[in-house]
Amino acid sequence: MDKQKGIAFCALACCLCDEKSSCRGCRQDDCPDKEGCKPYRCAQSEGYDGCWECPQFPCDFSLFSSLRIRTFVSFIAQYGKDALSEALQRGEDKGLCYHYPGQLIGDYDLPKSEDELVSLLLSR
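Next comes the structure, spelled out in structure tokens:
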């Protein structure tokens, strides 16, 4: 886990992403896709720390069709960004995989409901 990368405005875990090795994460204003990223642009223009502060969440942004991302946003709204980072660190320590090799899905995409995913995040 690279905590410097943090959690993205949309709640993607930049800290666990290894898709683009040179990317330092959108919080460092370094994401190569930031200009086309609706959550990035919206949070910047509205002064939000992330989508969890937006009264219109979930909006029509395609990423929010993912149970994982919607749940991560809701989790942060309830418990905070640090709590999600800590939960993801515990998961990594237990061998959970954020992205399977060569894929953009992982163990956090397996739960079938928000409650199941929150339970996974809160497990010690």
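Per our numbering: the sequence shown = residues 685 to 808. Here a beta-carbon is modelled for each residue, glycine too, at the ideal position from N, C-alpha and C.
Local conformation of residue i per DSSP, three classes
i       : result
Arg-774 : helix
Gly-720 : helix
Glu-703 : coil
Gln-787 : coil
Arg-708 : coil
Status (buried if at least 16 other CB within 10 Å, exposed otherwise) for residue i
i       : result
Gly-786 : exposed
Tyr-724 : buried
Tyr-792 : buried
Leu-794 : exposed
Cys-743 : exposed
Gly-764 : exposed
Lys-778 : exposed
Residue i versus the options, residue with shortest Cα-Cα distance
i       : options                      : result
Arg-752 : Gly-734, Ile-789 and Trp-736 : Ile-789
The ligand GTP heavy atom lying under 8 Å from the CB of residue i
i       : result
Trp-736 : Of the ligands one can find in the structure shown there are none, so the ligand GTP has no counterpart to examine.
Length of the line joining the Cα atoms of residue i and residue j
i       : j       : result
Glu-776 : Ala-697 : 12 Å
Cys-726 : Asp-686 : 25 Å
Cys-707 : Glu-800 : 31 Å
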